[in-house]
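No gaps in the numbering here: position 46 of the sequence shown is 45 in numbering that gives the first Met the number 0, and each next residue is one more.
Even glycine gets a Cβ: it sits at the ideal position worked out from N, Cα and C.
Single-structure report; data block below.
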Amino acid sequence: MNAEHDSTVRSPNLESADAGRCTPDSPVSRREVLCRGLAGGAGLLAGRLAAAAQAGTQAPTAKAKSVIQMWMWGGPPHTDTFDPKPDAGHDYCGPLNKAIPTNVDGIRIGGQLPLLAQQADKYSIVRSMTHGIGGHETAAYLVQTGRKPGDRLVYPSAGAVVKLFRGYTAGYEGLIPPYIVMTQPLGRFSEAGFLGTRYKPFVTGGNPLQQPFNVEGVVARGISEEQQRARRELLGRLDRLGSSVPGNASLTAFFEAEQQAYDMILGDGAKVFDLSQEDDALRSRYGHMPWSETALTWFGQTCLVARRLVERGVPYVTINFSGWDTHKDHFRIMERKLPELDQGMATLLQDLSDRGLLDSTIVWWGGEFGRTPKVAWGAPWNAGRHHYPNVFSAVLAGGGFKGGHVVGASDAKGEEVKDRPVYPCDLLGSVYDKLGIDPDGKLPNPMDMDLTVTPTAADGIPMAGRLKEIM
0 MNAEHDSTVR SPNLESADAG RCTPDSPVSR REVLCRGLAG GAGLLAGRLA AAAQAGTQAP
60 TAKAKSVIQM WMWGGPPHTD TFDPKPDAGH DYCGPLNKAI PTNVDGIRIG GQLPLLAQQA
120 DKYSIVRSMT HGIGGHETAA YLVQTGRKPG DRLVYPSAGA VVKLFRGYTA GYEGLIPPYI
180 VMTQPLGRFS EAGFLGTRYK PFVTGGNPLQ QPFNVEGVVA RGISEEQQRA RRELLGRLDR
240 LGSSVPGNAS LTAFFEAEQQ AYDMILGDGA KVFDLSQEDD ALRSRYGHMP WSETALTWFG
300 QTCLVARRLV ERGVPYVTIN FSGWDTHKDH FRIMERKLPE LDQGMATLLQ DLSDRGLLDS
360 TIVWWGGEFG RTPKVAWGAP WNAGRHHYPN VFSAVLAGGG FKGGHVVGAS DAKGEEVKDR
420 PVYPCDLLGS VYDKLGIDPD GKLPNPMDMD LTVTPTAADG IPMAGRLKEI M
């Protein structure tokens, strides 16, 4: 809520089961409601899409209820994480020249991931991801949508598709929006695509290391809960718009959205982001700096928030963990990022398992591509790794996916696919299948075009089939 304007309610992407409900993306005053018009055209379109999704083709039986997507923005190095090549030599490995055994016979991962090595029975590694696109924006779009960039349509991301099929149309009644991104947008493309703004994610902003976690539109910096309640009471005494136009359906929807916003700010909705409710020892296990067990890591605390969100039934949560675009000083950066990844992801898998949530929650780790296996030692790179879309890795756990397996393989130096290529649409189709969304079913769209949830062979997009090996 904007603390400086008592007559304004910020309700970013807060939505209701009523498809025609007003859901402003920015601060909206009563005057602006009237100026923008009360017809709710965007809401009507969203309602039509939702109805089409609900009446769509028969979906497979759902094994999973939620997804936690760990998006390594920038492109994580496959050879330093889940596909190590210790025999490739110094020009390829640099100082990260060790592969360690896991708790699954025959599977070895990067030496900087010892905690994840103890959890390998819970996840499977896809070592043959490929698509050949080396630009951040276009590669991210392809991995998130399964579609070729540059097509005449902008397709929705996986989170938006799940929001369409497994959000309100599937009976989701949670106060928290069904598609959450922490803490900044995924990249430089529209996550909602042609589905429209209703299917964009709720981006939290803020920093989970701060107390409180200043979630955009939910927690106002420097404003206490008592002040928020006093302001709401004052707003209610001053507000006469509702009583002056009684029975207006659009105004009724607006005031219901306002009520939702306040429930998020002052009710149980905000508590899901309050990590002070968690045990300090658990928070520390999610990741702390090596010099202090009280100096927690950003990634670890976002993983903990993600667990709390799926515990509340939120269908899709993305952790946007940036900083992997390591053209320069790669190994110096990995000294910090790999232990942070190891602690946060390993603890999340164990925590979900301990709470009985892993069977119903898909954890998907990956990025838009990998990094060059051969190190750029010379100036100006100072031991960097560049973009590499020829082959890279992804990890899938929970939600019905088998653990303790490896799908596909790269060659001896991690430069090309050696066995069983896997394309983005193959992985996405597998995830949708586990969520009970028919990958071959109709994808509702405002143009009423004959589109499917994932591409078909007729679309001319490379595909090699879903991940049956781990399904």
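Any idea which residues DSSP pairs residue i with across the strands?
| i | result |
| --- | --- |
| Asp418 | Ala408 |
| Val180 | Val202, Thr317 |
| Ile124 | Val394, Val405 |
| His287 | Leu295 |
| Gly413 | In DSSP, Gly413 forms no bridge with anything. |
| Pro100 | Arg107 |
| Lys441 | Thr451 |
If you reduce the DSSP assignment to three classes, tell me which class residue i lands in.
| i | result |
| --- | --- |
| Arg384 | coil |
| Asn12 | The predicted model places Asn12 with a pLDDT of 40, which falls under 50 and marks its position as unreliable; any figure quoted below should be read in that light. Three-state result, Asn12: coil. |
| Leu95 | coil |
| Ile469 | helix |
| Ser189 | coil |
| Met0 | Low confidence applies here, because Met0 scores a pLDDT of 36, under 50, leaving its location unreliable and the question unanswered by this model. |
| Val32 | Per-residue confidence for Val32 stands at a pLDDT of 37, beneath the threshold of 50, marking its modelled position as unreliable; the derived number appears in the next sentence. Helix. |
| Thr60 | coil |
| Ala463 | coil |
| Ala378 | coil |
| Thr371 | coil |
| Thr455 | coil |
| Lys270 | helix |
| Tyr140 | helix |
| Thr168 | helix |
| Leu194 | helix |
Buried or exposed: which applies to residue i, given that a residue is buried once 16 or more other Cβ atoms fall within 10 Å of its Cβ?
| i | result |
| --- | --- |
| Gln210 | exposed |
| His130 | buried |
| Arg197 | buried |
| Gly286 | buried |
| Ser409 | buried |
| Gln342 | buried |
| Pro94 | exposed |
| Ser344 | Note that residue 344 corresponds to Met in the displayed sequence, not to Ser. The residue is buried, with at least 16 neighbouring Cβ atoms inside 10 Å. |
| Met0 | Only weak support is given to the placement of Met0: the predicted model assigns it a pLDDT of 36, under 50, and the value that follows is read from those uncertain coordinates. Label assigned to Met0: buried. |
| Asn102 | exposed |
| Ile469 | buried |
| Ala378 | exposed |
| Ser275 | exposed |
| Pro23 | Low confidence applies to Pro23: its pLDDT is 35, below 50, so where it sits in the model is not reliable, and the reading given next is rough at best. Answer is buried; the Cβ neighbour count reaches 16. |
| Ala119 | buried |
| Ser291 | exposed |
| Pro477 | Outside the displayed span of the chain (0 to 470) sits residue 477, for which this structure offers no information. |
| Gly383 | buried |
| His89 | exposed |
| Val452 | buried |
| Thr60 | exposed |
| Gly355 | exposed |
| Trp376 | exposed |
| Thr360 | buried |
| Lys270 | exposed |
| Leu152 | exposed |
| Pro100 | exposed |
| Gly205 | buried |
| Pro530 | Given a span of 0 to 470 for the chain in the structure shown, any question on residue 530 remains unanswerable. |
| Ala63 | buried |
In the DSSP assignment, find the beta strand (DSSP E) that holds residue i and state where it starts and stops.
| i | result |
| --- | --- |
| Val362 | 360 to 365 |
| Ile132 | Premise fails: Ile132 is in no beta strand (DSSP E) and is neither H nor E. |
| Gln349 | Run containing Gln349: none in the beta strand (DSSP E); it sits in the alpha helix (DSSP H), 329 to 353. |
| Leu395 | 391 to 396 |
| Ser65 | 65 to 70 |
| Arg151 | Run containing Arg151: none; DSSP gives neither H nor E here. |
The alpha helix (DSSP H) with residue i in it runs from where to where?
| i | result |
| --- | --- |
| Val309 | 297 to 310 |
| Leu115 | 113 to 116 |
| Tyr472 | Since the displayed the chain opens at 0 and closes at 470, residue 472 lies outside it and no answer follows. |
| Gly158 | 157 to 165 |
| Arg107 | Not the alpha helix (DSSP H): Arg107 falls in the beta strand (DSSP E), residues 107 to 109. |
| Ser283 | 279 to 284 |
Are any of the Cβ atoms in chain B nearer than 8 Å to that of residue i?
| i | result |
| --- | --- |
| Thr196 | No chain B appears in the structure shown, which is made up of a single protein chain. |
Below 8 Å, can you find three or more Cβ-Cβ pairs linking the region 106 to 122 to the region 345 to 363?
Contact between the region 106 to 122 and the region 345 to 363 is present, because at least three Cβ pairs lie under 8 Å.
Taking 8 Å as the cut-off, does the region 70 to 86 touch the region 315 to 332 (at least 3 CB pairs, one atom from each stretch)?
Three or more Cβ pairs drawn from the region 315 to 332 and the region 70 to 86 lie within less than 8 Å of each other, which places the two stretches in contact.
On the three-pair Cβ rule with 8 Å, is the region 157 to 177 touching the region 432 to 439?
Counting C-beta pairs closer than 8 Å gives three or more between the region 157 to 177 and the region 432 to 439, which meets the contact rule.
Taking 8 Å as the threshold, find out whether the region 122 to 137 comes into contact with the region 387 to 405 through three or more Cβ pairs.
When Cβ pairs closer than 8 Å are counted between the two stretches, the region 122 to 137 is seen to touch the region 387 to 405, the count reaching three or more.
Given 8 Å, three or more beta-carbon pairs between the region 327 to 341 and the region 302 to 311
Taking 8 Å as the limit for Cβ pairs, the verdict is that the region 302 to 311 does not touch the region 327 to 341.
Is it the case that the region 125 to 145 contacts the region 187 to 194, given that we only count it when at least three CB pairs across the two stretches are under 8 Å?
With the cut-off at 8 Å, the region 187 to 194 and the region 125 to 145 touch.
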